[in-house]
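Residue numbers (the UniProt record's numbering): 1 to 572.
Every residue gets a Cβ at the ideal spot worked out from N, C-alpha and C, and that includes glycine.
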């Protein structure tokens with residue numbers, strides 16, 4: 001079930017004691033998200049003369065700094081942010097909204113029922129023939145996400161707490177392991193930076209007790225010589241400076257109070273002096289990207305598994321086709337539908353894609369260190385790539401060079417007699433020109449012949465490969481049956497879903513795109529007969545950002561994804 005993670009998920013739990021001082025990590029990374037209020041432009045209808053040349057726009061990009069708002073505006077996408085209500089998220093699809101479980105299912109005391117109420121003309125059976133997941137299946141998985149972070153971390157390390165039974169983690173165990181790894185870079189609840197040459201609050205109280213006991217135990221060594229009282233030698237203060245400081249008069253007692261207020265936080269990349277006590281070993285900007293990817297995948301896969309889907313990475317590098325321009329796309333994971341045939345399933349065949357996952361490591365959007373337009377284009381490019389793959393249903397791939405002269409006309413050269421300087425081999429290798437049989441070769445002659453034969457075979461293989469006429473390998477995966485899973489039959493509009501992850505949050509995106517728009521990306525030709533005037537305006541809806549460290553946000557994201565998976569796995 002979790003084979004996609006392999007052995008890369010290493011648990012950091014119980015490796016660092018938050019109560020012990022250690023070298024201070026960098027200051028925490030502020031949480032910020034891309035904001036595009038100032039970049040929004042009203043989309044307009046495309047015609048044969050007004051449609052932009054997307055190939056010309058994107059082929060001029062040489063580096064990331066070349067990306068501007070013009071590239072986003074050229075796609076003519078309408079951006080919509082959904083704050084809280086799921087009704088707005090499915091404003092154009094009432095059927096999909098009916099698959100979202102009610103909020104009452106998230107309550108621990110909710111009365112169990114068999115399934116969602118049946119819809120008119122709909123059967124509560126999945127597309128693979130399995131029964132639709134019930135409320136009990138929903139409650140079992142939501143209960144694992146309702147645990148507090150501390151209880152789940154204790155269950156991972158098997159640490160008892162006040163005699164309470166440990167939290168049961170089954171379906172989302174890998175998610176909690178990945179979230180615990182992220183905790184060591186993002187959790188600032190226990191941060192305590194201790195400046196050089198000072199002590200923390202707990203150490204300050206402990207030191208006062210030790211000083212009072214030392215003053216009570218101070219004694220005179222020899223009563224006959226009262227002037228020879230033993231005093232401890234002053235220890236040089238080498239904390240942080242590395243050299244001995246001159247001993248000066250002690251400050252008044254009123255100045256001995258320590259300033260325990262947190263220091264002013266400079267840039268998150270700067271490493272502060274002194275020591276630290278808390279949970280973090282680094283900041284969010286320095287967290288390995290695999291931790292965020294593992295958390296997003298492990299959050300989505302148990303939900304997908306409940307509806308008969310599976311998760312696997314692309315075997316062919318995903319690309320977005322803009323005419324002959326291939327734009328590389330980064331997808332952190334993809335949800336597919338396995339075939340019902342046992343032989344095809346064992347061969348690794350898949351159907352779809354169903355849903356995508358995109359994780360990015362950029363942070364600090366508020367300070368201008370990350371480009372919000374570039375981040376949105378990465379999300380949009382991933383969704384358009386999935387839309388192009390879903391639009392391949394019922395089509396065959398036209399491989400690079402197919403029906404071209406360089407893959408059909410024999411290459412120049414290659415006349416009779418072989419390559420220049422290459423002797424023609426006789427069919428009778430055992431008879432010399434004089435008619436006498438060859439003598440048996442000795443071992444030295446045989447070794448030289450084997451060496452020449454090996455190099456000759458290698459040379460012939462290179463020549464034959466050059467002479468062979470064939471087309472390119474193509475960009476489609478031969479073991480994938482591309483299909484628009486969940487698309488209403490006969491509809492020209494397709495809905496693409498993407499789980500986007502930044503910082504320690506996830507957001508769910510929905511792109512409503514027309515088939516003619518996908519055709520325009522591939523060919524650059526507008527439709528000859530316009531059936532829908534809004535074909536050139538895809539609509540991108542985005543939910544709010546759900547914090548994976550907050551139980552309420554985890555449950556809301558789980559409920560929304562549960563409804564989306566149920567809608568895509570339905571039977572029409």
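query = Where DSSP assigns a beta bridge to residue 312, which residues make up the other side?
reply = As a first step, residue 312 is located in the chain shown; it is residue number 312 there, counting from the start. According to DSSP, residue 312 bridges with 334.
inquiry  = I'd like to check one pair, residue 352 with residue 333: are the Cβ atoms closer than 9 Å?
reply    = To locate residue 333, count along the chain shown from 1; it is residue 333. To locate residue 352, count along the chain shown from 1; it is residue 352. No.
query = Going by the beta-carbon positions, is the gap between residue 194 and residue 370 smaller than 9 Å?
reply = Here residue 194 corresponds to residue number 194 of the chain shown, with the count starting at 1. Here residue 370 corresponds to residue number 370 of the chain shown, with the count starting at 1. Judged by beta-carbon spacing, residue 370 lies beyond the 9 Å limit of residue 194, meaning their Cβ atoms are not closer than that value.
ask   = According to the neighbour-count rule (16 or more other Cβ atoms, all chains shown, within 10 Å of its Cβ), is residue 104 buried or exposed?
value = In the chain shown, the residue the question calls residue 104 occupies position 104. So residue 104 counts as exposed.
message = If distances are taken between C-alpha atoms only, which option among 299, 135, 54, 132 comes closest to residue 549?
response = Locating residue 549 in the chain shown gives position 549, where the first residue counts as 1. Cα-wise, what sits closest to residue 549 is 299.
request  = Measuring alpha carbon to alpha carbon, tell me which of 70, 530, 559, 90 ends up nearest residue 539.
outcome  = Counting from one through the chain shown, the residue named residue 539 turns up at place 539. Closest by alpha carbon: 90.
task = Excluding the 5 residues preceding and the 5 following residue 397 in the sequence, name in chain order all residues of the same chain whose CB lies nearer than 7 Å to its CB.
result = Against the chain shown, residue 397 aligns to sequence position 397. Take residue 397, set aside five residues on each side of it, and the residues of its chain with a beta-carbon closer than 7 Å to its own are 474, 476, in chain order.
query = Along the chain, which unbroken stretches of the beta strand (DSSP E) at least 3 residues long are found entirely within the segment 22–57?
reply = If only complete runs of 3 or more residues are kept, the segment 22–57 shows no beta strand (DSSP E) anywhere.
ask   = Hey, out of 374, 336, 181, 143, whose CA is closest to residue 289's CA?
value = Walking along the chain shown from the start, residue 289 turns up at place 289. For residue 289, the closest C-alpha among the options 374, 336, 181, 143 is that of 181.
ask   = In the DSSP assignment, what residue or residues form a beta bridge with residue 362?
value = Taking the chain shown and counting its residues from 1, one reaches residue 362 at position 362. As DSSP reads the structure, residue 362 sits in no beta bridge.
ask   = If you measure from the beta carbon of residue 516 to each beta carbon in chain B, is any gap under 9 Å?
value = Absence of chain B from the displayed structure is noted, only one protein chain being present.
ask   = Would residue 572 pass as a contact of residue 489 if the rule is Cβ separation under 9 Å?
value = For this step, residue 572 is matched to residue 572 along the chain shown. For this step, residue 489 is matched to residue 489 along the chain shown. The answer is yes: Cβ separation under 9 Å.
task = Express the C-alpha separation of residue 559 and residue 510 in angstroms, rounding to a whole number.
result = For the purposes of this step, residue 510 is taken as residue 510 along the chain shown, with counting starting at 1. For the purposes of this step, residue 559 is taken as residue 559 along the chain shown, with counting starting at 1. Their Cα atoms are separated by approximately 16 Å.
message = For residue 297 and residue 189, what's the separation of their Cα atoms in angstroms?
response = For the purposes of this step, residue 297 is identified with residue 297 of the chain shown, where counting begins at 1. For the purposes of this step, residue 189 is identified with residue 189 of the chain shown, where counting begins at 1. Approximately 26 Å between the Cα atoms of the pair.
request  = Look at the alpha carbon of residue 340 and the alpha carbon of residue 130, and state the distance between them as a whole number of angstroms.
outcome  = Start at 1 with the first residue of the chain shown, and residue 340 comes out as number 340. Start at 1 with the first residue of the chain shown, and residue 130 comes out as number 130. Residue 340 and residue 130 have their C-alpha atoms spaced approximately 11 Å apart.
request  = Measure how close the beta-carbons of residue 177 and residue 156 come, nearest whole angstrom, since I'm counting them as under 8 Å.
outcome  = Taking the first residue of the chain shown as 1, we reach residue 177 at position 177. Taking the first residue of the chain shown as 1, we reach residue 156 at position 156. Yes, residue 177 and residue 156 are in contact; Cβ-Cβ is about 6 Å, under 8 Å.
Residues near residue 138 by beta carbon distance below 8 Å, same chain, minus five either side = Along the chain shown, one-based indexing puts residue 138 at 138. Cβ neighbours of residue 138 beyond the five flanking positions: 101, 105, 562.
request  = Quick one: residues in its chain with C-beta nearer than 7 Å to the C-beta of residue 574, no 5 flanking neighbours on either side, listed in chain order?
outcome  = Any property of residue 574 remains undetermined from this structure, which presents the chain solely from 1 to 572.
message = Please state whether the Cβ-Cβ distance between residue 645 and residue 567 is less than 9 Å.
response = What is shown of the chain runs 1 to 572, which leaves residue 645 out entirely.
task = To the nearest angstrom, report how far apart residue 278 and residue 158 are at their CA atoms.
result = The residue given as residue 278 occupies position 278 in the chain shown. The residue given as residue 158 occupies position 158 in the chain shown. If you draw a straight line from the Cα of residue 278 to the Cα of residue 158, it comes to about 21 Å.
task = Name, in chain order, the residues that DSSP records as bridge partners for residue 194.
result = Taking the first residue of the chain shown as position 1, residue 194 is located at position 194. Per DSSP, the beta-bridge partners of residue 194 are 275.
inquiry  = Within a Cβ cutoff of 6 Å, which residues of the same chain sit near residue 271, ignoring the five residues on either side of it in sequence?
reply    = Counting from one through the chain shown, the residue named residue 271 turns up at place 271. Residues 26 of the same chain have their beta carbon placed closer than 6 Å to that of residue 271, with the five preceding and five following residues left out of the count.
message = Distance check for residue 337 and residue 344, CA to CA, integer angstroms please.
response = As a working note, residue 344 is residue 344 in the chain shown. As a working note, residue 337 is residue 337 in the chain shown. In this structure, the alpha-carbon of residue 344 lies about 12 Å from that of residue 337.
query = Quick one: what does DSSP say residue 175 is sitting in, helix, strand or coil?
reply = Locating residue 175 in the chain shown gives position 175, where the first residue counts as 1. Of the three classes helix, strand and coil, the one that applies to residue 175 here is helix, per DSSP.
Rounded Cβ spacing between residue 359 and residue 293 (contact assumed at less than 8 Å) = As a working note, residue 359 is residue 359 in the chain shown. As a working note, residue 293 is residue 293 in the chain shown. Their Cβ separation, rounded to whole angstroms, is 5 Å, which keeps residue 359 and residue 293 in contact under 8 Å.
inquiry  = To the nearest angstrom, how far is the alpha carbon of residue 387 from that of residue 179?
reply    = Sequence index remark: in the chain shown, residue 387 carries index 387 (1-based). Sequence index remark: in the chain shown, residue 179 carries index 179 (1-based). The alpha-carbon of residue 387 is positioned some 30 Å away from that of residue 179.
ask   = Is the beta carbon of residue 627 sitting closer than 9 Å to the one on residue 525?
value = With the chain covering 1 to 572 only, the question about residue 627 has no answer from this structure.
key: Inter-residue spacing [alpha-carbon to alpha-carbon] between residue 210 and residue 552   = Numbered from 1 along the chain shown, position 210 holds the residue referred to as residue 210. Numbered from 1 along the chain shown, position 552 holds the residue referred to as residue 552. Below a pLDDT of 50, predicted positions are generally treated as unreliable, and residue 210, at 48, falls in that range; the measurement from the model is reported next regardless. Using only the alpha carbons, I get a separation of about 46 Å.
ask   = Nearest-angstrom Cα distance between residue 642 and residue 81?
value = The question about residue 642 has no answer here: the residues shown for the chain are numbered 1 through 572.
ask   = Out of curiosity, what's the CA-to-CA distance linking residue 163 and residue 149?
value = Your numbering for residue 163 matches position 163 in the chain shown. Your numbering for residue 149 matches position 149 in the chain shown. Here the alpha carbons of residue 149 and residue 163 stand approximately 18 Å from one another.
Exposure of residue 221, with buried meaning 16 or more beta-carbon neighbours within 10 Å = Locating residue 221 in the chain shown gives position 221, where the first residue counts as 1. Residue confidence is low: residue 221 scores 41 on pLDDT, short of 50, so the model does not pin down where it sits. Its coordinate-derived value is still stated next. The Cβ neighbour count for residue 221, taken over all protein chains shown within 10 Å, is under 16; the residue is labelled exposed.
request  = Along the beta strand (DSSP E) that carries residue 506, what are the first and last residues, could you check?
outcome  = Locating residue 506 in the chain shown gives position 506, where the first residue counts as 1. 505–514 is the span of the beta strand (DSSP E), which, as asked, contains residue 506.
request  = Identify whether residue 302 lies in helix, strand or coil by the three-state DSSP scheme.
outcome  = One-based indexing of the chain shown puts residue 302 at position 302. Here DSSP, grouped into helix, strand and coil, assigns residue 302 to helix.
ask   = Run through DSSP, which three-state label would residue 567 get?
value = Within the chain shown, numbered from 1, the residue matching residue 567 stands at position 567. Reduced to three states, the DSSP call for residue 567 is helix.
request  = Kindly indicate the opening and closing residues of the alpha helix (DSSP H) around residue 95.
outcome  = Along the chain shown, read from residue 1 onward, the residue named residue 95 stands at position 95. Counting along the chain, the unbroken alpha helix (DSSP H) around residue 95 starts and ends at 94–97.
message = Between 354, 56, 499, 487, which has its C-alpha nearest residue 378's C-alpha?
response = In the chain shown, counting from the first residue as 1, residue 378 sits at position 378. Closest by alpha carbon: 499.
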